[in-house]
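*Asks:* Residue numbers 1 to 670, in this note's numbering, belong to the letters of the sequence shown in order.
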Amino acid sequence: MLICGAIWLVAIQIANVQRAGVISSAVRENRNRVIAYDHFISGILERADTAATQLARYHDGGAGGPGAAPASLIDSAAVDPLFAKVDVADAAGRVRWSSRPGNTARSLVGEPAFEQLRTDATRQPILTDPARESNTGKVSITFARAILAEDGKFGGVVALHIPIDRLTRFYEGADFRPHDLISVIRLDGLTLARRQGAVVSYGQNLAGKLAMQRQAAQPWGTYIGPSSVDGIRRIFSQRRLPRYGLFVSVGLGIDDALALSYARTRIFYLTVAALSLALLGGTLAFWLGLRRREAIIQRLAAINKRLCEAQAIGKIGDWELDLESKLLTCSEETCRMHGRDPAQDIMTSDEALAFHDLAGRKEIQRTLRTAILSKQPAQCEVVSTMGDGRVAPLRIRMSPVVDPDGRVRTVLGTEQDVTTERRHEQLRAEVAHITRVEAVNVMAATIAHELSQPLTAAGNYLSAAIYLAEQGRHSLVDQERLAVLLGQAGRQIGLSGKIISRAREMISDRRIGEMASLDDIVEEAIALSKVADPAVARAAISAQLEPDTGHVAADKVQIQQVLLNLIRNAAQAVADVDKPQVIVTSHREAAGMVMVSVGDNGKGLPGNGGDIFAPFGAADRNGLGIGLSICRTIVDSYGGRIWSSISPLGGAAICFTLPLDELALLYDVA
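(1) Within 10 angstroms of its Cβ, does Met-672 collect 16 or more other Cβ (buried), or is it exposed?
(2) Is the beta carbon of Thr-283 less than 7 Å from the beta carbon of Ala-15?
(3) What are the boundary residues of the beta strand (DSSP E) that Val-582 is part of?
(4) If contact is defined by three or more beta carbon pairs under 8 Å, each pair taking one atom from either stretch, is the segment 356–375 in contact with the segment 282–297?
(5) Can you tell me whether Tyr-262 is buried or exposed? The criterion is at least 16 other CB atoms within 10 Å of its CB, across all chains shown.
(6) Any idea which residues DSSP pairs Glu-381 with across the strands?
(7) Can you grab the Cα-Cα spacing for the pair Lys-85 / Leu-241, in whole Å?
(8) Would you list the one or two residues that DSSP bridges to Leu-190?
(9) Can you give the Cα-Cα distance for Pro-101 and Met-212, rounded to whole angstroms?
(10) Hey, Asp-350 and Cys-335: beta-carbon distance below 7 Å or not?
(11) Exposed or buried, Pro-163, counting other C-beta atoms within 10 Å across all chains shown (16 or more means buried)?
(12) Could you give the residue range of the alpha helix (DSSP H) that holds Tyr-638?
(13) For Leu-747, which beta-bridge partners are listed by DSSP?
(14) Alpha carbon to alpha carbon, how far is Ile-559 from Phe-154?
(15) Taking Ile-574 and Gly-651 to be in contact with their CB atoms under 8 Å, please state how far apart those CB atoms are, rounded to whole angstroms.
(16) Where does Ser-645 sit, in a helix, a strand or coil, going by DSSP?
(17) To which residues does DSSP link Thr-414 through a beta bridge?
(18) Name the residue from Leu-451, Ser-475, Gln-492 whose alpha carbon lies nearest to the alpha carbon of Leu-462.
(19) Any idea if Gly-314 is buried or exposed, counting beta-carbon neighbours within 10 angstroms, 16 or more meaning buried?
(20) Gln-544 to Ala-614, Cα distance in whole Å?
(21) Just to confirm before moving on: does the CB-CB distance between Ala-20 and Leu-252 stay below 7 Å?
(22) Short of 7 Å in beta carbon distance, which residues of its chain neighbour Asn-30, apart from the five on each side in sequence? Order them along the chain.
(23) Please give the ranges of any alpha helix (DSSP H) in the segment 263–329, keeping only runs that are unbroken, at least 4 residues long and fully inside the region.
(24) Rounded to a whole number of angstroms, what is the C-alpha to C-alpha distance between Arg-580 and Val-635?
(25) Going by DSSP, name the residue or residues bridged to Pro-163.
(26) Quick one: which unbroken beta strand (DSSP E) runs of 3-plus residues sit fully inside the segment 207–231? Chain order, please.
(27) Relative to the C-alpha of Ala-207, which candidate in Arg-186, Gly-231, Asp-255, Tyr-244 has its C-alpha closest?
(28) By Cβ distance below 6 Å, which residues in the same chain neighbour Ile-526 in space, the five residues on each side in sequence not counted?
(29) Tell whether a beta-carbon distance below 7 Å holds between Phe-114 and Val-158.
(30) Report back the beta-carbon spacing between Val-522 and Val-552 to the nearest angstrom; my notes put them in contact at under 8 Å.
(31) Name the DSSP bridge partner or partners of Trp-8?
(32) Compare the C-alpha of Leu-327 against each of Arg-409, His-338, Asp-478 and name the closest.
(33) Since I believe Arg-96 is in contact with Pro-70 (beta carbons under 8 Å), could you give me their beta-carbon distance rounded to a whole number of angstroms?
(34) Among Val-562, Val-582, Leu-605, Asp-578, which residue has its Cα nearest to the Cα of Arg-641?
(35) Whose C-alpha, out of Thr-414, Gly-639, Phe-286, is nearest the C-alpha of Glu-320?
(36) Using alpha carbons as the reference points, say which of Ala-465, Leu-451, Ile-654 lies closest to Glu-480.
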């Protein structure tokens with residue numbers, strides 16, 4: 001009786017372990033299913049999103065005046081069999097285009113999706129409640145996305161009707177058990193599509209129920225519990241799609257998962273009952289031995305699986321060479337690398353060498369001889385044609401196994417595809433070269449662009465001084481004028497030297513401790529710009545700087561160069577305006593930054609001007625087109641940013657940010 005009791009206890013334990021294992025396997029299976037279903041639904045929604053983006057260009061054409069029927073929408077995105085119907089409406093809600101136009105005018109005004117998209121500032125796509133189509137009788141949901149006009153305002157809606165059965169074709173043609181469940185649920189609890197067995201349904205409200213509670217707690221989790229609709233216990237796995245405001249759920253019925261386990265358990269109990277009467281001791285010994293064997297096999301299989309996965313990730317294969325039989329035993333990854341069937345993992349050394357060219361064979365044989373003679377590991381790198389047709393560099397390592405008698409009869413080796421490693425080395429070399437070339441280009445462009453102004457001004461001053469000297473007058477006033485002109489010329493030449501020095505520093509390491517007064521920078525930049533450019537002198541230039549933006553952690557000359565470029569560009573932009581105005585403002589922002597803006601009352605920037613801060617992106621007839629690019633380089637070097645905006649005077653404005661000097665801020669607080 002004790003032996004029989006032990007047999008039954010073992011049998012019950014085995015059944016429980018098996019049941020737990022089945023549940024664990026079912027959980028893994030369900031997780032894999034929900035991941036696949038997540039990809040399936042994401043693919044559908046991404047197709048809809050891509051189609052909506054493509055069809056947005058139709059919003060300003062199509063139907064004629066009010067009361068006109070929609071125009072027929074003939075587009076590759078509109079005829080996608082995924083969509084039952086596609087409508088494109090303008091900002092007033094009138095359907096201008098439709099894949100099923102009909103003969104009457106239609107409007108989306110009053111539709112929840114249209115009203116929400118028209119008032120929603122986020123412009124995220126919306127999935128509406130399931131509804132039955134009047135013309136086809138099919139139930140579908142609407143994927144709606146707002147159309148943005150060129151000014152960024154609401155320009156209309158693209159509505160794509162997706163039948164709900166499209167969302168449940170994940171198991172098309174597969175065995176779907178009676179209690180198997182897949183569903184697509186919005187985060188507000190409304191079921192968009194649900195399939196249980198062969199039955200497709202929709203519209204169930206799960207708000208406040210277990211499914212929504214678990215979704216809120218674990219958006220990508222798995223749990224076991226009763227269904228919120230029919231109460232059947234299932235293994236549920238959920239995955240949220242936050243971009244679309246919904247999640248997918250896959251359920252596996254506990255009874256379905258354990259059906260085979262229950263049948264096996266019953267047979268097992270009957271077998272144990274019969275054997276317990278005749279083979280009490282032998283049955284127990286045999287069963288325990290079998291369990292140990294299975295556990296060892298499973299552990300070995302798991303270890304081998306992890307090893308194979310690691311080799312596949314690292315693109316490393318291993319092999320073992322028997323020097324006496326000349327046979328090579330290869331791992332699965334080694335066979336895969338060379339395009340060989342993993343079942344044929346044993347080959348001769350000649351067959352293995354045939355994977356490489358003549359030079360590679362000689363290098364491998366030389367390395368093998370070195371490893372055997374030295375009894376030390378050796379390695380080499382050869383170029384080989386892989387199984388997929390690629391020509392890839394291989395790193396081969398060989399390690400001889402020395403027997404107790406000192407002889408080498410076996411060599412262990414690995415082969416690693418180092419294509420990625422070599423590619424990274426090449427990319428690092430190319431990036432280093434490009435960086436050096438770009439530094440030289442920036443310095444050359446800066447010098448060519450910025451030296452023109454001070455050298456031209458210095459030339460003008462010297463010409464005036466020469467003219468005054470040639471007059472032959474030596475009065476005190478003339479001498480003072482001559483001294484002033486020569487001093488101004490010397491100042492401009494000195495400024496040229498500073499520009500060259502700062503251009504060199506722009507491509508070198510940033511100096512520590514730079515600080516400059518923003519008031520002085522703006523004042524001197526305005527004064528210099530009026531001297532250097534007649535167009536600037538004609539414009540009324542003013543500065544409105546806030547008192548708490550006194551000092552910036554930047555070099556004075558470099559920021560002056562930025563402002564000189566921006567003021568000159570603004571003055572040239574208002575050259576044809578009756579009362580040209582340019583204004584320089586400053587404003588303190590969060591995170592210790594100050595924003596400086598140079599605006600004008602001109603016509604503004606063109607809408608299709610491209611990237612005006614790119615080199616040659618805003619070139620005029622008299623310039624190199626790199627002024628704004630240099631400005632961006634200088635501003636970026638201090639951790640700021642530069643962008644275009646609208647001036648308070650009605651024209652264009654160029655704004656940039658600089659870090660405030662922290663020491664000056666402390667003094668201000670004190």
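Ideal Cβ positions, reconstructed from N, Cα and C, are used throughout, including at glycine.
*Replies:* Checking against the coordinates, here is how it stands:
(1) Because the chain is modelled from 1 through 670, residue 672 falls outside the range shown and cannot be assessed.
(2) no
(3) 581–589
(4) no
(5) exposed
(6) Arg-395
(7) 24 Å
(8) Asn-205
(9) 39 Å
(10) no
(11) buried
(12) Run containing Tyr-638: none; DSSP gives neither H nor E here.
(13) Look at the range of the chain in this structure, 1 to 670, and you will see that residue 747 is not part of it.
(14) 39 Å
(15) The sequence shown places Val at residue 574, rather than the Ile named in the question. Correct: roughly 7 Å between the Cβ atoms.
(16) strand
(17) Asp-318, Arg-397
(18) Gln-492
(19) exposed
(20) 29 Å
(21) no
(22) Thr-222, Ile-235, Ser-237, Val-250, Leu-252
(23) 280–314
(24) According to the sequence displayed, residue 580 carries Pro and not Arg. C-alpha separation (whole angstroms): 27 Å.
(25) Ser-140
(26) 222–226
(27) Arg-186
(28) Ile-541
(29) no
(30) Actually they are not in contact, since the Cβ atoms of Val-522 and Val-552 sit about 11 Å apart, beyond 8 Å.
(31) Paired residues: none, contrary to the question.
(32) Arg-409
(33) 6 Å
(34) Val-562
(35) Thr-414
(36) Ala-465
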